[in-house]
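Below: one structure, written as structure tokens.
2 protein chains.
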Amino acid sequence: MTLALAQTSAGKVPAPPSYRHLPANADTVRWGCFSTTLTPRVEIDSAGIVTIETLTHPAADDLERMVQGDEGAESVYLWTTDRKGVDRRGAGSTDPAVCKVGSGDGRGVHILTGPVHGRGAKPGDVLELRILDCVPRPGANPDFAGKSFGSNAAAWWGYHYNDMPGGSKREVITIYRVDATGDKSRAKAVCNFRWGPQTDPFRVTRPTIDYPGGPVDHALTDFTFNVLKGIRIPIRPYFGTLGVAPAEADFVDSVPPSHTGGNVDKWPIGKGAIMYSPVSVEGALVSVGDPHASQGDSELCGTAIECSLAGTFQSILHKKADLAGTPLQEMDRPMLETRVEWVVQGFSGPNHLGALGATAQADIYGKPSVDDAMRDAFAKTRRFLTTTKGLTEDDAHSPMSVGVDFGITPVADRNWGAHAIVPCHREEGHLLGPRLIGARPPPFPNDGPARGGACGGSACRKDAPGTWPIYSAARAMRRPSLSPMPGLLCPRTDRRGPARPTAAPSPKPGAGRSGRSPAVAAPGMPRIRRKAPVRAPRAS
Amino acid sequence: MTLALAQTSAGKVPAPPSYRHLPANADTVRWGCFSTTLTPRVEIDSAGIVTIETLTHPAADDLERMVQGDEGAESVYLWTTDRKGVDRRGAGSTDPAVCKVGSGDGRGVHILTGPVHGRGAKPGDVLELRILDCVPRPGANPDFAGKSFGSNAAAWWGYHYNDMPGGSKREVITIYRVDATGDKSRAKAVCNFRWGPQTDPFRVTRPTIDYPGGPVDHALTDFTFNVLKGIRIPIRPYFGTLGVAPAEADFVDSVPPSHTGGNVDKWPIGKGAIMYSPVSVEGALVSVGDPHASQGDSELCGTAIECSLAGTFQSILHKKADLAGTPLQEMDRPMLETRVEWVVQGFSGPNHLGALGATAQADIYGKPSVDDAMRDAFAKTRRFLTTTKGLTEDDAHSPMSVGVDFGITPVADRNWGAHAIVPCHREEGHLLGPRLIGARPPPFPNDGPARGGACGGSACRKDAPGTWPIYSAARAMRRPSLSPMPGLLCPRTDRRGPARPTAAPSPKPGAGRSGRSPAVAAPGMPRIRRKAPVRAPRAS
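Going line by line, the protein sequences match chains A and B.
According to the numbering used here, the first sequence holds residues 152 to 691 in order.
According to the numbering used here, the second sequence holds residues 152 to 691 in order.
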């Protein structure tokens, strides 16, 4: 029985669920990996709700717009000549004698918040994560009040990189402005620049973007303003990376998505959507990151509009013993559900960690293929229809051909993907009846009208859930009293990993996201040396 | 200057454009090929409007529902022991001493209506075809009044065929019912059956579906009714094949799409859309067919809901000399435009006829690849953005990554496809500004309120054009007075092809689609021997 049904059958107004708030700072995030070794940052019961703040990993492309004044982000991006706010960056070694490009070796790039421990979750269970809200994180630099910013990199790992006219290789960063007030639902390019060799505070020079978090020295770049004139990008905020920890390795590179979800990079994973993940380790260990203001299917040039977001999630635990005969019975893959569709995701390597053995994390980078991903998406969709709707295979082929749309995403993550969009909204006469679990989140007390949010694109609007203002992520960011549970927001310690540098400043108690540091670079932040722009950047 | 602008600037109510109506019968269609050798069935000026009826090629899967009583369809499907309504079926030889599986060798399967000659069109020009209307063709068997039917084949050329669990190979036909009154926007499966070896009226037995138009003997098949229970397919009627004749060969197999369009199999090619095609031969020679009530991106199992439709088109000719500096300047590929998006289509073989030489039509069947199609879609989209919006390549990569969705279709036509969806609707803040040519069709006199049409899916509704009832395809089918121009609906004669059998009955003058033959099999139609169904088929 689902939560909603249970509550309805009880015939009374349900009690509010437990609620937690997990801000983003050097104590609650790590860089580039899922890991079974991490101490949970928060615990929730089934049906519990948590607001999770997330930070975007390429914010150092424009520290002035995307980090400065944001205490949580500053603690993460802290990097001076002798210390880093978060030392490990990737799933590689942190031993200076072993790693080649820096601690963690940059094998995995995303800033991930968490993990969140789901009480009672065991391997074999299925975790349902309902995304109740998803909004851009407002910039904290008063020079750009009311705006958020995001960065897009046309980078060496992009699909286009080996197919440049003339053969010239180059990386280009485009900075986008996103309205953070919720009044406008589109992004606009502010400027772009070619990424050139950069020397990090530890005096390591890198010719291309191969280690996350290194501040871009804008004295070395040529900004071009007034780019992409007349072009506005409809925003559809979502979490590029959302998943549970895989059991297969202690530290798992966050770039290739896999059977436990992770870096799926499918844009409907935003407000109103539900993500199902097979639990692989005790407590599930949910992590969220790689926040995107907008991305097209494919993420062609390597990244989306990478923009810090906050999300509010409700976690529902489905125990293994209860799965038989339900659509979740054979859920050995991530799956997404919105109000109008299921999204069945295929990959070049459906479970590379399980299939490729000890060298899986390196080997998966070798053979990305849309053809392989399409074949996986086809096979998974057929199995989804046969198990969920009780169809024979012969019956399943026909609706897959006449009513299911196959698309491509991502081609930026080296475990390329293809997905199937299966329409599911009964009222509009769509394909396969009501939602998988069949229940909207039950009503809860609220304290005012719903906030529109910045998620105004038509695709997002149609998926918008009901009125849940008390759980609004935007409000949570303004409510320091809704801080994490005492005792769980402990200093970040990898249980089996190397000791973490202790230099990261602790967030002020109760400050959370809302505490603003002065509008100057925080201690330890690199100085921003900006050339005089061609056009005044303040307009952005 | 566009037509609309010219008319607006003239400051007066424009005169109605010329109008023609091209019914579908053995004199106006051929089976399976584009050809430069065909006598045009109708001629139109630029801005002229034509209603074109189309027939679906697998209607012999269920003659009772899809052909019987429909005089035009009966003339096409006529096949007795000594004659066929349309002899050639495909782009192959019609010489009995050469062809292996029958006249035309089944190399190309679609029933195509036309060609339509665009007056003044020359190679190098671009033809814009606006699809003003698109509706299912009502069934003519009074036993199924008010309904249309379509057939879906999970066939040997489907993506799934070599990936059957257990390795068993089989072909399955599913018959769908489509509401033809416009009141319902969904299709429902009526029954399915396994396709077994069939012997055609010329006594040739074929183990699989390899020659179009052969009547299925239902005495040899096991119908299963009540299939796909609870599953309804949202319909989105469109033309799977729409294009101009390529210059590269006399007879071109209609299955693989190419640079002149053809079998693109992308479902937005319906009401409200515009298709642009590069003119390859004098008069352009437009053909339309492969009508679909609905199809998902991929057309996975080999076909859509293959269902006869009628469409009303306005043809706008853009002369080569006027293209410089416009978005059509480098239009060497088909392109689709709807109210909200451009669809840039890539293929495994972007121009197989030009690239693969004399054996192109056979070789293109050899190496279908989604990866190749994706690369082509990427390159074409980049070029579209650089030429249409004046972007540099570096500027174009970013919006392609953050705002363009890549999808997969078709994987059924041996020249597999991938497409890019570029949003273009300015009012909703979408990506790249207004429509390509920027004009809705200008208003014309009408004779009453618009008919809703059966195209009721949300995707179709948002693309629905204005009120054009006099050019409604449904009305045209009921208005025999709006018949083709005298003198152009001449007996079908391939200029260089073999003589056509003369046995096809001519349509009654003025009967067009609306003339109903008696509700019995017409002379020459195969007798329908139906087993007693498990459930009463009349309900369908």
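All C-beta atoms, glycine included, are put in the ideal place defined by N, C-alpha and C.
Asked	Found
Just reading off the alpha helix (DSSP H) that residue 551/A is part of, what are its end residues?	544-554
Taking just the CA atoms, how far does residue 197/A sit from residue 309/A?	39 Å
Alpha carbons only, please: which of 479/B, 497/B, 515/B is nearest the one belonging to residue 276/B?	479/B
Can you tell me which of the three DSSP states residue 351/A falls into?	coil
Short of 6 Å in beta carbon distance, which residues of its chain neighbour residue 519/B, apart from the five on each side in sequence? Order them along the chain.	499, 565, 567
So the alpha helix (DSSP H) residue 535/A belongs to, where does it begin and stop?	521-540
Following the continuous alpha helix (DSSP H) through residue 268/A, name the residue where it begins and the one where it ends.	Taken as a continuous stretch (DSSP letters only), residue 268/A belongs to no alpha helix (DSSP H), being part of the beta strand (DSSP E) at 262-269.
Name, please, each residue of chain A whose Cβ falls closer than 8 Å to the Cβ of residue 486/B.	Those do not exist, as residue 486/B stays about 18 Å from chain A at its closest Cβ, beyond 8 Å.
Taking the alpha helix (DSSP H) that residue 227/B falls in, what are its first and last residues?	222-228
Counting C-beta neighbours from all protein chains within 10 Å, is the total for residue 687/A 16 or more, i.e. buried, or is it exposed?	Reliability of the predicted coordinates at residue 687/A is poor, the pLDDT of 37 falling under 50, and no value is obtained from them.
Select from 360/A, 199/A, 259/A, 188/A the residue whose C-alpha is nearest the C-alpha of residue 407/A.	259/A
Would the beta-carbon of residue 428/B fall within 9 Å of that of residue 412/B?	yes
Mind listing, in chain order, the continuous alpha helix (DSSP H) runs of no fewer than 4 residues lying wholly within the region 449-522 of chain B?	503-506, 511-514
Under 8 Å, CB to CB, which of the residues in the region 311-322 of chain A have a partner in chain B?	311, 314, 315, 316, 321
Go ahead and pull the three-state DSSP assignment for residue 414/B.	coil
Would you kindly report the start and end of the unbroken beta strand (DSSP E) that includes residue 426/B?	425-429
Taking Cβ-Cβ distances below 9 Å as the criterion, which residues of the region 437-465 of chain A are in contact with chain B?	443, 444, 445, 446, 447, 448, 449, 450, 451, 452, 453, 454, 455, 456
For residue 436/B, which three-state DSSP category applies?	coil
Any beta-carbon of chain B closer than 9 Å to the one on residue 566/A?	no
Which first and last residues belong to the alpha helix (DSSP H) in which residue 627/B is found?	624-628
Beta-carbon within less than 6 Å of residue 332/B's beta-carbon, same chain only, minus the 5 sequence neighbours each way: which residues are those?	297
Can you have a look at residue 350/A and say buried or exposed, based on whether 16 or more other CB atoms are within 10 angstroms of its CB?	exposed
For residue 171/B, which three-state DSSP category applies?	strand
So the beta strand (DSSP E) residue 565/B belongs to, where does it begin and stop?	That residue, residue 565/B, is in no beta strand (DSSP E); it is neither H nor E in DSSP.
If you drop the 5 nearest sequence neighbours on each side, which residues of the same chain put their C-beta closer than 7 Å to that of residue 399/B?	504, 505
Would the region 455-468 of chain B count as touching the region 277-294 of chain B if we require 3 or more Cβ pairs under 8 Å?	yes
For residue 641/A, does the count of other Cβ atoms within 10 angstroms reach 16, so buried, or fall short, so exposed?	Any reading at residue 641/A needs caution, since the residue's pLDDT is 25, under 50, leaving its predicted position unreliable; the model's value is listed next. Burial call: exposed.
If contact means a Cβ-Cβ distance below 8 Å, which residues of the region 517-543 of chain B contact chain A?	520, 521, 522, 525, 526, 529, 530, 533, 540, 542
Which residues in chain A have a C-beta closer than 8 Å to the C-beta of residue 494/B? List them in chain order.	Chain A residues near residue 494/B: none, gap ~13 Å exceeds 8 Å.
Okay, do the region 548-555 of chain B and the region 534-546 of chain A touch, 3+ Cβ pairs below 8 Å being the bar?	no
Identify the continuous alpha helix (DSSP H) that holds residue 215/A and give its terminal residues.	214-217
Does DSSP classify residue 374/A as helix, strand or coil?	coil
Three or more beta-carbon pairs under 8 Å between the region 441-455 of chain A and the region 480-491 of chain A, yes or no?	no
Could you spell out where the beta strand (DSSP E) holding residue 301/B opens and where it closes?	298-305
Which partner residues of residue 362/A appear in the DSSP bridge assignment?	Residue 362/A is not bridged to any residue.
Counting beta carbon pairs with one atom in the region 245-262 of chain B and one in the region 416-427 of chain B, are three or more of them shorter than 8 Å?	no
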